[in-house]
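Participant:
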Amino acid sequence: MKIDRRLLWVGSGLVLTGLAVWLLEAAPAAPSGAPVGAAAMRAASPAWVAAAAPSAASAVPAIESTARQPAQVSTAPPAVLAGPTQQPASAEERVVDLCGVGRIPLPVGAEYAASEAIAAPPSPLLGAAVEAAWPRLLAALQAGSPADRAAALLLGAEPPVGADGVANRAAALFAQAVQSREGAVLATAFGRCGAQVNDPTCIALARAWATVEPDNAAAWLSLYGVDPASKTQVLGGLAGTRHSTLHTGWLAGRAQARMPGDLPPYLQMLLLVDVVGIEAASTVPSLLSAQALCHEPSEAARAICTHTMQVVQAHSDTLMGMGIGTRLATQLNRPAAEVQVARDRLRA
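Using the numbering used here, you'd call the opening residue of the sequence shown number 3 and step up by one each time.
(1) Would you check if there are 3 or more beta carbon pairs closer than 8 Å linking the segment 170-184 to the segment 269-289?
(2) Should residue 185 be labelled buried (16 or more other beta-carbon atoms within 10 Å of its own) or exposed?
(3) Relative to the C-alpha of residue 294, which candidate in 223, 267 and 302 has its C-alpha closest?
(4) Just to confirm the assignment: which complete alpha helix (DSSP H) runs, minimum length 4, are found wholly within the segment 135-160?
(5) Using the Cα positions of residue 206 and residue 159, report the straight-line distance between them to the nearest angstrom.
(6) Find the nearest neighbour of residue 310 within the set 192, 217, 348 and 253, judged by alpha-carbon distance.
(7) Where do the ends of the alpha helix (DSSP H) carrying residue 213 lie?
(8) To which residues does DSSP link residue 163 through a beta bridge?
(9) Terminal residues of the continuous alpha helix (DSSP H) containing residue 339?
(10) Per DSSP, what kind of secondary structure is residue 245 in: helix, strand or coil?
(11) Are the segment 142-149 and the segment 251-261 in contact at 8 Å, needing three or more beta carbon pairs?
(12) Going by CA-CA distance only, name the one from 290, 253 and 336 that's closest to residue 276.
(13) Kindly indicate which three-state DSSP category residue 182 falls into: helix, strand or coil?
(14) Less than 7 Å between C-beta atoms, sequence neighbours within five positions excluded: which residues of the same chain meet that for residue 292?
(15) Whole angstroms are fine: how far does the CA of residue 133 sit from the CA of residue 125?
(16) Just the C-alpha distance for residue 130 and residue 150, rounded to the nearest angstrom, thanks.
(17) Shortest alpha-carbon distance to residue 319 belongs to which of 245, 340 and 338?
(18) If distances are taken between C-alpha atoms only, which option among 170, 164, 136 and 191 comes closest to residue 156?
(19) Assuming residue 208 contacts residue 221 under a Cβ cut-off of 8 Å, what Cβ separation, rounded to an integer in Å, is found between them?
(20) Excluding the 5 residues preceding and the 5 following residue 239 in the sequence, name in chain order all residues of the same chain whose CB lies nearer than 7 Å to its CB.
(21) Go ahead and pull the three-state DSSP assignment for residue 232.
(22) What do you reckon, are the CB atoms on residue 236 and residue 199 nearer than 8 Å?
(23) With 16 as the cutoff for other CB atoms within 10 Å, does residue 249 come out buried or exposed?
(24) Beta-carbon within less than 7 Å of residue 170's beta-carbon, same chain only, minus the 5 sequence neighbours each way: which residues are those?
(25) Assign residue 318 to one of three DSSP states: helix, strand, or coil.
(26) Looking only at its own chain, which residues have a Cβ that is under 8 Å from the Cβ of residue 332, when we skip the five neighbours before and after it?
(27) Output the distance between the C-alpha atoms of residue 168 and residue 147, rounded to the nearest integer angstrom.
(28) Using only the alpha-carbon positions, how far apart do residue 323 and residue 234 sit?
(29) How many angstroms separate the CA atom of residue 306 from the CA atom of residue 175?
(30) Measure from the alpha carbon of residue 290 to the alpha carbon of each residue in 264, 298, 347 and 226, then state which is nearest.
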């Protein structure tokens with residue numbers, strides 16, 4: 003008997019369909035909305051199927067994702083903003099570099115970080131700081147040598163009261179300068195005389211300066227400037243001179259040497275600027291007297307004036323000295339070639 007294959011496939015399909023329907027009816031219903039996963043499949047499967055099926059964790063090994071995760075946005079303020087309120091700033095954070103001034107401390111209570119630029123320094127940093135530091139500089143000078151005390155008087159320190167009960171600045175300055183026996187101190191003190199002709203104190207200062215530095219043409223010319231009657235003595239002294247030194251910058255140098263070391267560098271610089279200004283206002287007019295001394299000189303004086311012109315022009319510590327030396331060369335009718343050499347040296 004020959005069986006039709008089509009009937010066989012149909013019968014097999016019916017059997018398999020019935021088995022599947024029985025399995026579905028026998029499985030417990032999953033809660034509404036619950037995910038249908040491996041657990042549900044194991045519950046709906048025979049015991050041998052559940053035992054043989056690997057778990058999801060063992061079947062698919064965990065692989066760390068290499069994809070860029072989205073950045074987490076924090077609502078906390080940046081550290082630089084929270085820093086000053088969370089912990090006190092260090093000493094280094096309280097100092098900034100101010101262009102053209104140097105390193106300066108920030109005022110107490112400043113809210114900006116040390117790395118931020120400051121468009122303009124707070125007002126107490128400069129003017130008030132200089133005013134507060136100036137007395138300390140004067141006190142340091144007054145506690146030093148006679149030269150230091152003379153510098154303090156030149157910078158405005160109060161002079162001591164004399165035996166007559168009067169505080170005489172000129173007398174106190176003269177006493178300290180003479181006691182120092184330094185040409186630079188005497189020259190700077192003499193600079194306060196200006197053009198006070200026949201003033202006893204100024205004449206005494208000039209004589210003391212010429213005594214300490216007899217080879218300095220500036221000292222002898224200073225004496226002639228305040229005491230024209232000493233012309234013969236001055237010409238004799240000029241004949242032995244070898245240089246012309248006004249000691250410009252001595253006052254600033256002395257102030258720098260006695261500057262309190264704990265002052266910030268920017269403050270020391272500002273104090274020295276003030277000292278330079280005071281010293282510049284006391285320029286020694288001594289070399290200007292050379293033109294009056296050598297105006298229509300005698301034959302003997304002409305030779306000395308020529309020597310003085312050469313010393314002042316070639317061995318001066320200031321451009322003013324070189325310029326006056328060049329002017330003397332013209333005034334003494336020196337050869338044109340010699341005058342031109344002096345001018346070239348001045349312009350070099």
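Virtual Cβ for every residue (Gly too), placed ideally from N, Cα, C.
Facilitator: Looking at the atomic coordinates:
(1) no
(2) buried
(3) 223
(4) For the segment 135-160, whole alpha helix (DSSP H) runs of length 4 or above, ordered along the chain, are 148-156.
(5) 22 Å
(6) 217
(7) 202-214
(8) 169
(9) It spans 338-349 - the alpha helix (DSSP H) in which residue 339 sits, taken as one unbroken run.
(10) strand
(11) yes
(12) 253
(13) helix
(14) So the list reads 223, 310, 314, 326 and 330, once near-sequence residues are dropped.
(15) Interpretation of residue 125 is limited by its pLDDT of 49, a score under 50 that renders its predicted location unreliable; the figure taken from the coordinates is listed afterwards. Using only the alpha carbons, I get a separation of about 12 Å.
(16) When rounded, the distance between both Cα atoms is 25 Å.
(17) 245
(18) 191
(19) Residue 208 to residue 221, Cβ: 7 Å. Contact.
(20) 212, 216 and 222, listed in sequence order.
(21) helix
(22) no
(23) Looking at its Cβ environment, which holds 16 or more other Cβ atoms inside 10 Å, residue 249 is buried.
(24) Excluding sequence neighbours, residue 170 sits near 161 and 164.
(25) Note: residue 318 maps to strand in three-state DSSP.
(26) 341
(27) 23 Å
(28) 22 Å
(29) 33 Å
(30) 226
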